[in-house]
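Chemist:
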Ligand SMILES: [Zn+2]
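In the numbering used here, the protein residues as written are 18 to 129.
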């Protein structure tokens, strides 16, 4: 019971720390005219080959490098994950830009 309670407390602290980090990053980016894009942090970005998008089923934490069984590319776990996260951020920005363009066109037509 105590262990579960401590786990929940640690999770809450972790969530608060993450929230503070995101708020700080958002503040700094807004100062510079940037845009913060949050992606799903629980998605297994490290399990997907950033070259061919093959998803490996298991990836223990101690595996730091792996070879994609589909394309044969050697992957560094963190570098591969960072490439996938960057690509997802760019994809989400593209979606946001598309929605903004759609809204501008739709609102523009309503105003005429
Ligand atoms: Zn691959």
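Note that the Cβ used here is the ideal one computed from N, Cα and C, for glycine as well.
1. Going by the C-beta, is residue 71 closer than 6 Å to any heavy atom of ligand 1?
2. When the Cα atoms are used, what is the spatial distance from residue 118 to residue 53?
3. Let me check you understand the geometry: is the CB of residue 74 closer than 6 Å to at least one non-hydrogen atom of ligand 1?
4. Touching or not, the stretch 51-71 and the stretch 104-114, by the rule of three or more beta carbon pairs under 8 Å?
5. Go ahead and pull the three-state DSSP assignment for residue 159.
6. Taking the continuous beta strand (DSSP E) assigned at residue 92, which residues delimit it?
7. What does the alpha-carbon distance come out to for the pair residue 91 and residue 38?
Modeler: Quick answer:
1. Yes, since a heavy atom of ligand 1 falls inside the 6 Å radius drawn around the Cβ of residue 71.
2. Cα-Cα distance, rounded: 19 Å.
3. No; taking the cut-off as 6 Å, the Cβ of residue 74 has no heavy atom of ligand 1 nearer than that.
4. Segments in contact, yes.
5. Past the edges of the chain, shown from 18 to 129, lies residue 159, and the structure says nothing about it.
6. Residue 92 -> beta strand (DSSP E) spans 91-93.
7. Cα to Cα, residue 91 sits roughly 32 Å from residue 38.
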